[in-house]
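In what follows, a single structure is set out as structure tokens and then discussed.
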Amino acid sequence: MLAIAVLISPLSGIAQHTSPQNKSMNYPKTQKIDVSDTYFGTTINDPYRWLEDDRSAETKAWVEAENKVTQNYLSNIPFKGAIKKRLETLWNYEKFTAPFKEGAYTYFYKNDGLQNQYVLYRQADKTKAEVFLDPNTFSKDATTSLAGIEFTKDGSHVAYQISEGGSDWRKVIVLKTADKSVVGDTLIDVKFSGLSWKGNEGFYYSSYDKPKEGSQLSGLTQYHKLFYHKIGTSQKEDVLVFGGDQTPRRYINGGLTDDQRFLVITAAVSTTGNELYIQDLSKPGSPITQIVNDFKNDYSIIDNQGSKLFIYTNYKAPNYRVVTVDASNPAPENWKDFIPETDNVLQASTAGGKFFANYLKDATSLVMQYDMDGNLERTVTLPGVGTASGFSAKKSERELYYTFTSYIYPPTIFKYIIATGQSLEYKKSGVQFDPSKYVSKQVFYTSKDGTKVPMIITHKKGIELNGKNPTLLYGYGGFSVSLTPSFSTSNIILLEQGGIYAVPNLRGGGEYGEKWHLAGTKMQKQNVFDDFIAAAEYLISNKYTSKEYLAISGGSNGGLLVAATMSQRPELFKVAFPAVGVLDMLRYNKFTAGAGWAYDYGTAEDSKEMFEYLLKYSPYHALKQGVSYPATLITTADHDDRVVPAHSFKFAARLQEFHQGASPALIRIETNAGHGAGKPTGKIIEEQADKWAFMLHNMGLSFK
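For the sequence shown, the positions run 144 to 847 when this note's numbering is used.
Right, here's the structure in full:
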């Protein structure tokens, strides 16, 4: 890590002005209707329940009224236009993804700069690259995106998924790659699915039945099913392979091993833990065999060598390991360690007949290469301390491409020669950013119960630690998701202005394995909020910032984090950005795939103790009348069918009702967009400009 070399003004580039007064905010009148539920003898009023109906004219009118107030406020921030213009300049450079080989072609994604969607190109040896799929042509407003793609082993056919308006519901289209002609009909109503080809004849995919109650965007989706689709036939003729009445499971995925010998099926009832099944396709009529019959741990088959299976799991190994077993007798008691568990969390992949162990060492990458016998061949030399991803390729490949990034290292693609371990720079980022002017360092702070928590703090070199630096504290803390260092073009706005970006690795995440994850779930969820609050207190006590210049941000489960902490410690933060958050903890399991999150959260129906615990921190219910909350910009989208926008609608209505203070409490509702994936560049830039303008304006700062 680089040390601070010189001292400069902490607000270099930021002009200060009087903190805005918003006492005259005229929020829309939100109707209250008497609705209540009773849990274990306790009655809970829910006067904004009507906002859960995303199909009603009343909800539509409320959304339009709220957006009008929000956009009027944001448009009157004098420097918002300048921020948007700067973002457009920063975003306007050629962006590439790592290439991959399919059949006779090498494919890669490219964005010319401000294109709304990345374009998929292909290139044969020594020929000019040509456009293969351009999602910008899928719809007039570029809100239909490419959401998944899978080629046959010989590269002659491809099946790709499209998402309309950001929805998790997908359509699947099949093409012959030679002339891009469409094969058969478009599959519809596909959700949470991979695609896995069996030869060139057909592929496996997963989906749910359409919700019987509520809209397709908010209705509960309960039981996943694995189907086989033979190309050229009607979707109605697709064969149910697994799931349905015999084996009702919430999440089911099917995929083939590289040699296409085994169909591997994972089945789960929540986001953590799964059953494991295989079917030997080399033997006609062979049954589906269960390897693991409980949901206590995670299991996946990452490779095979004939009948020898390589299984990646955290069974008896909270930090994960790779084990081997013969498919003829695959029960766990026969497993043998191949890559044993270590003190660091393991992520495993294969390429070119080798195994790559990508360890998380204090939330940064450490990569080791093993042969098929489990012998360590080398530790991969990385460009620095950060995140390396992409150590995966077909067995036949002799090279792979990986991407390296950190908070101050723009994503750079490297070609890795598997036989020698040599890394060659392949594509360097063209973003306008000079890493030498910035520092990104890891610190460890102490949470409320004495737990040490890591946090990476990034800022311009030489800033003065006087408590006046505008700071954005970002977190997630759930579902075993690991926040590793990654570059953000949007964050350049903050860093250029002398601001600070801080990311703690909260409990509930996966940075230190399953123990770290479990320490932030169910009756221990408060640990996550305490970790986040302690991160804020560390930044304040060490003079990085103060409560007058501190903003918090997070999305989805991170939106819950932000909303919960601002309700518990409203005086600690100046600005809050809860994005697409899970904010009604008593009813989250009533919508879409929400019931699958119970492993992390528990449900209000589980027990009186669990209900009372959820009620205490549920952001919608934790808001109190007459409290002055931070300046808040809630963000959601009308097509979010992962975390339905009703969470944000109800929270916004109650926040506007209860909040007593000068700062605004606004909600920004994106139209024709979803949980985040596939969002057009134009919409991303507009949203980020709104965010930075709102933050700086409410800190009494400007932009130049």
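Each residue gets a CB set at the ideal place from its N, CA and C atoms; glycine is no exception. On a predicted model such as this, the values are computed, not experimentally measured, just so you know.
Item                                                                                                           : Value
Whether residue 644 touches residue 615 by CB criterion (9 Å)                                                  : yes
N- and C-terminal bounds of the alpha helix (DSSP H) containing residue 213                                    : 200 to 218
Sequence-distant residues of its chain with Cβ nearer than 8 Å to residue 403 (five each side left out)        : 296, 341, 342, 424
Check whether residue 793 and residue 360 have beta carbons under 9 Å apart                                    : no
Continuous alpha helix (DSSP H) stretch holding residue 831: start and end                                     : 824 to 841
Alpha-carbon spacing of residue 440 relative to residue 575, whole angstroms                                   : 44 Å
Nearest residue (CA-CA) to residue 774, options 783, 820, 695                                                  : 695
Option nearest residue 514 by Cα separation, candidates 543, 489, 646, 482                                     : 482
Beta-carbon spacing of residue 412, residue 739 below 9 Å                                                      : yes
Cβ distance (whole Å) where residue 462 is taken to contact residue 438 below 8 Å                              : Rounded, the Cβ-Cβ distance is 20 Å, inconsistent with contact.
Span of the beta strand (DSSP E), counted from its first residue to its last, around residue 300               : 300 to 307
Buried versus exposed, by CB contacts within 10 Å (16 or more), residue 657                                    : buried
Rounded separation between residue 451 and residue 516 - CA only                                               : 12 Å
Whole-Å CB distance - residue 711 paired with residue 672, under 8 Å assumed                                   : 6 Å
Burial state of residue 383, where buried means 16 or more other Cβ atoms lie within 10 Å                      : exposed
Straight-line Cα distance separating residue 727 from residue 571                                              : 43 Å
Length-filtered (4 minimum) alpha helix (DSSP H) runs lying within the stretch 384 to 426                      : none
Cβ-based burial, residue 183 [other Cβ within 10 Å; buried from 16]                                            : exposed
Nearest-angstrom Cα separation, counted from residue 783 out to residue 430                                    : 39 Å
Span of the beta strand (DSSP E), counted from its first residue to its last, around residue 330               : 330 to 334
Run of the alpha helix (DSSP H) containing residue 609, from where it starts to where it stops                 : Looking at the DSSP string, residue 609 is not in any alpha helix (DSSP H), and its letter there is neither H nor E.
Local conformation of residue 160 per DSSP, three classes                                                      : Here residue 160 scores only 35 on pLDDT, less than 50, and its place in the model should not be relied on; the value that follows carries that caveat. It is coil, neither helix nor strand.
Residue 697 - DSSP class collapsed to helix/strand/coil                                                        : strand
Cβ-based burial, residue 833 [other Cβ within 10 Å; buried from 16]                                            : buried
Pairwise C-alpha distance: residue 814 and residue 590                                                         : 39 Å
Buried versus exposed call for residue 469 [16 or more other C-beta atoms within 10 Å across all chains shown] : exposed
Neighbour-count burial assignment, residue 198, 16 or more Cβ in a 10 Å radius                                 : exposed
Straight-line Cα distance separating residue 845 from residue 159                                              : Legend: pLDDT at residue 159 = 39, less than 50; position of this residue unreliable, value from coordinates given subsequently. Answer to the nearest angstrom: the Cα atoms are 6 Å apart.
Terminal residues of the alpha helix (DSSP H) in which residue 656 lies                                        : 656 to 661
The stretch 529 to 542 contacting the stretch 478 to 497, beta-carbon criterion three pairs below 8 Å          : yes
Inter-stretch contact (C-beta, 8 Å, three-pair minimum) for the stretch 236 to 249 and the stretch 539 to 558  : yes
Per DSSP, the bridge partner or partners of residue 494                                                        : 497
Straight-line Cα distance separating residue 187 from residue 134                                              : As displayed, the chain neither begins before 144 nor continues past 847, which places residue 134 out of reach and without an answer.
Nearest neighbour of residue 669, chosen from 686, 681, 684, 649 [CA to CA]                                    : 649
Beta strand (DSSP E) runs contained entirely in the stretch 233 to 288, provided each spans 3 or more residues : 243 to 245, 248 to 254, 262 to 266, 273 to 276
CB of residue 717 within 9 Å of CB of residue 686, strictly                                                    : no
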